[in-house]
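Below is one structure, written out as structure tokens, with a few remarks after it.
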Amino acid sequence: MQAAQKFEAHKWVYFNEVISREECNNLTKHMFDLLDLGKLEKDGQCPLSESCYGDPVFDSLLQKLAEPLSNHLGVSLLPTYTYARIYRPGEVLERHSDRPSCEISGTMTLGFDPSQKIWPIYFAKGENDFVGESLNIEVGDLVMYRGNELPHWRPAFKGTWQVQVFFHYVDANGPHKEYKYDKRPDLGLESSTRNAPKRTPRKEYGTWSHNGVLIGLQDEVMPGYSSFGNEHEPELMFTSEECDKIIALANNDYCHKASVGIDNAGKVALDVRNVNKYTIEYKEENVWIFDKIARAIATANSEYYKYDLLGITHGIELLHYEGSEQGHYTWHADVGDGGSSTRKISVSVQLTDENDYEGGNLEVNVNGKVDIANKQKGSISMFPSYALHRVSPVTKGDRWVLVIWIHGSSRFR
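In this note's numbering, the protein residues as written are 2 to 414.
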């Protein structure tokens with residue numbers, strides 16, 4: 002099947018070795034030079050990363066590629082603009098389709114930390130597909146796709162850095178041809194259109210317990226760590242008696258070391274994660290636990306996160322971190338591939354009195370600022386599932402906690 006036929010059938014097509022490795026290395030260096038010069042900015046879509054719009058170097062390549070891509074795709078392309086990013090750890094590209102200027106788009110990997118894996122991109126197979134097809138775009142390769150028709154996304158980035166450039170075009174014979182040059186006088190210039198990508202400084206991530214004031218999306222604060230505790234909505238907490246009742250559900254017959262990995266393919270790796278795991282299933286005697294967590298999440302999502310949620314779709318994990326084993330879990334994100342791809346909110350319920358153990362802090366790093374989760378017995382802590390977090394080693398005593406993930410029907414919408 003020729004490229005034009007593939008593009009017509011699937012709305013995307015993969016091109017190998019569009020530019021050389023040497024040129025990619027030079028363009029990667031160019032991005033880091035721009036970073037050193039303070040010429041990269043944050044944007045609202047990927048607030049952890051640095052980006053540039055319409056850089057003359059990339060726009061010139063956009064123009065150079067227009068004719069050969071037109072020939073391969075069977076579409077007469079008009080260049081609109083380029084956008085380049087240095088992606089950072091924990092970044093998530095939410096499921097989305099693009100604006101009119103991105104009618105026909107391309108994404109190319111320019112460079113990445115060689116000790117890490119390439120960060121895949123996912124393309125939906127249909128409007129209602131939220132699993133998608135993943136592609137690892139090698140350095141110098143290019144994927145062309147119909148940007149404002151085909152939903153696409155990336156899960157939480159687990160590498161250290163990756164440089165990506167986007168080439169955007171419109172069909173010269175299509176409905177968006179007026180977006181040539183993104184309505185700029187020429188390439189390599191700032192856009193004057195109100196539809197250009199809105200580039201904003203990184204906002205601070207707030208928490209509900211910040212100075213006793215409820216802050217959230219209504220205050221234009223990006224959602225980060227939050228909690229219900231004695232200082233905020235204490236009626237939503239678990240009581241001390243309820244916490245003890247939950248711990249008593251632990252049955253050694255059903256205890257095993259928690260694994261690391263996706264769904265049932267996970268492996269036990271004690272240097273990464275050392276914790277005993279029990280599962281609390283949804284059955285009559287446990288309904289009250291699910292109901293209490295559901296009420297807390299409903300309140301949090303209504304006032305703060307405002308995500309499109311499906312709810313609780315599986316059992317709850319009851320975890321036991323033992324001081325005698327230095328129980329811990331290293332830095333990681335909860336959203337990933339397979340069954341974890343639709344996780345939106347991660348929830349942790351503190352079951353142990355903070356004076357009964359040492360260490361064992363749940364630390365959440367959404368944007369480079371680490372929050373230590375509430376350690377009050379019965380408190381409920383929440384954060385976006387794409388956020389990097391860890392549990393530091395328990396050095397004395399035992400820490401018990403409930404963990405659950407709230408899933409959604411689409412990526413962070």
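The beta carbon of each residue, even a glycine, is placed where N, CA and C say it ideally should be.
Within 10 angstroms of the beta-carbon of L36 lie fewer than 16 other beta-carbons, which makes it exposed. The shortest C-alpha to C-alpha distance from V392 to any of A374, G398, I407, G133 is the one to A374.
In the DSSP assignment, N277 is bridged to K258, H321. Relative to the Cα of C25, the nearest Cα in the group H73, M109, D187, C103 belongs to M109. By the criterion of at least three beta-carbon pairs nearer than 8 Å, the segment 232 to 245 is not in contact with the segment 356 to 366.
With a cut-off of 8 Å on Cβ pairs, the segment 116 to 135 is not in contact with the segment 64 to 83, counting fewer than three such pairs. For Q6, the enclosing alpha helix (DSSP H) starts and ends at 4 to 11. Per DSSP, reduced to three states, the secondary structure at D183 is helical. In the displayed model, M238 falls within coil according to three-state DSSP, outside both helix and strand. Where D172 is concerned, the enclosing beta strand (DSSP E) starts and stops at 163 to 172. Contact between T343 and H390 is ruled out by a C-beta separation of about 18 Å, above the 8 Å threshold.
Membership of N26 in the alpha helix (DSSP H) is indicated by the continuous run 22 to 37. Annotated three-state conformation of D372 is strand, per DSSP. The beta carbon of Q327 is closer than 6 Å to those of P394 in its chain, skipping five residues each way along the sequence.
Counting only residues of its own chain and dropping the five nearest sequence neighbours on each side, L41 has a CB closer than 8 Å to the CB of M32, L35, E51, S52, C53, I87. DSSP places L78 within a strand segment (E or B) once states are collapsed to three. Contact between the segment 167 to 181 and the segment 13 to 29 is absent, with fewer than three C-beta pairs closer than 8 Å. Going by beta carbons, V261 and V273 fall inside the 7 Å limit. In the displayed model, R296 falls within a helix according to three-state DSSP.
In this structure the segment 374 to 388 does not lie against the segment 170 to 183, because fewer than three pairs of beta carbons, one per stretch, are closer than 8 Å. Y358 is bridged by DSSP to G398. Runs of the beta strand (DSSP E) lying entirely within the segment 62 to 124, each at least 3 residues long, are 78 to 88, 94 to 97, 105 to 113, 122 to 124 in chain order.
Comparing alpha-carbon positions, the option among R100, K118, L151, I248 lying closest to L352 turns out to be I248. Spanning the alpha carbons of D354 and W406 requires a straight line of approximately 23 Å. For T331, the enclosing beta strand (DSSP E) begins and ends at 329 to 333. The beta carbon of P152 is closer than 6 Å to those of R96, S98, A125 in its chain, skipping five residues each way along the sequence. Partner residues in the beta bridge of G230, as assigned by DSSP, are H233.
Listed in chain order, the non-local C-beta contacts of A270 below 6 Å within the same chain comprise V261, local neighbours out to five positions each way being set aside.
Cβ neighbours of A301 within its own chain (closer than 7 Å, five residues either side excluded): S227, M383. Contact check for E150 against K12 passes: the beta carbons are separated by less than 7 Å. Judged by DSSP secondary structure, L363 falls within the beta strand (DSSP E) whose first and last residues are 363 to 366.
Judged by their CB atoms, L320 and K278 are nearer to each other than the 7 Å cut-off. Annotated as proximal: S386 and V336, with beta-carbon spacing under 7 Å.
Annotation for I138: no beta strand (DSSP E) segment contains it, and DSSP assigns it neither H nor E. Listed as beta-bridge partners of E42 by DSSP are S52. In this structure T331 is not in contact with E359, their Cβ atoms being roughly 19 Å apart against a cut-off of 8 Å.
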